[in-house]
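The opening residue of the sequence shown carries number 18 in our numbering; numbering runs sequentially from there.
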Amino acid sequence: MTKTLTAIGNSLGLIIDKPILELLRIDKDTPLELETDGKTLIIRPVRKEERRSRVRKATEKMMDAHDETLRKLAK
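Put into structure tokens, the structure is as follows:
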């Protein structure tokens, strides 16, 4: 499927067809995550479980990297 951007005020928007919205189970209130590698734009719905998982992983990584400092601060 090829799409073009649509002017919306001073911005540009991408119109997503209803069948795709239904397939992805998203609507106007669904938060979307945008990511790019510099060549490709990835738009995905943010699900609470996914967000929690990412936050948990980031917290664990931070705690592993700074364990000693955090223990000193806790005293």
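Each residue gets a CB set at the ideal place from its N, CA and C atoms; glycine is no exception.
Taking the Cβ atom as the reference point for each residue, do residue i and residue j lie within a distance shorter than 8 Å?
i: Gly30; j: Thr21; result: no
i: Leu51; j: Asp44; result: no
How close, in whole Å, do the beta carbons of residue i and residue j come, if the pair is a contact with beta carbons under 8 Å?
i: Val63; j: Leu40; result: Incorrect: roughly 17 Å between the Cβ atoms, too far for contact.
i: Met80; j: Leu87; result: 6 Å
Hey, out of the options, whose CA is closest to residue i's CA?
i: Thr19; options: Asp34, Gly26 and Ser28; result: Asp34
i: Thr47; options: Ile25, Arg61, Gly55 and Ala75; result: Arg61
Taking residue i as part of the beta strand (DSSP E), name the residues at either end of that continuous run.
i: Pro62; result: Leu58 to Pro62
i: Leu51; result: Leu49 to Thr53
i: Leu29; result: Ser28 to Gly30
i: Ile43; result: No beta strand (DSSP E) contains Ile43, which DSSP labels as neither H nor E.
i: Thr23; result: Thr23 to Ile25
On the DSSP letters alone, give me the boundaries of the alpha helix (DSSP H) that residue i sits inside.
i: Lys89; result: Asp84 to Ala91
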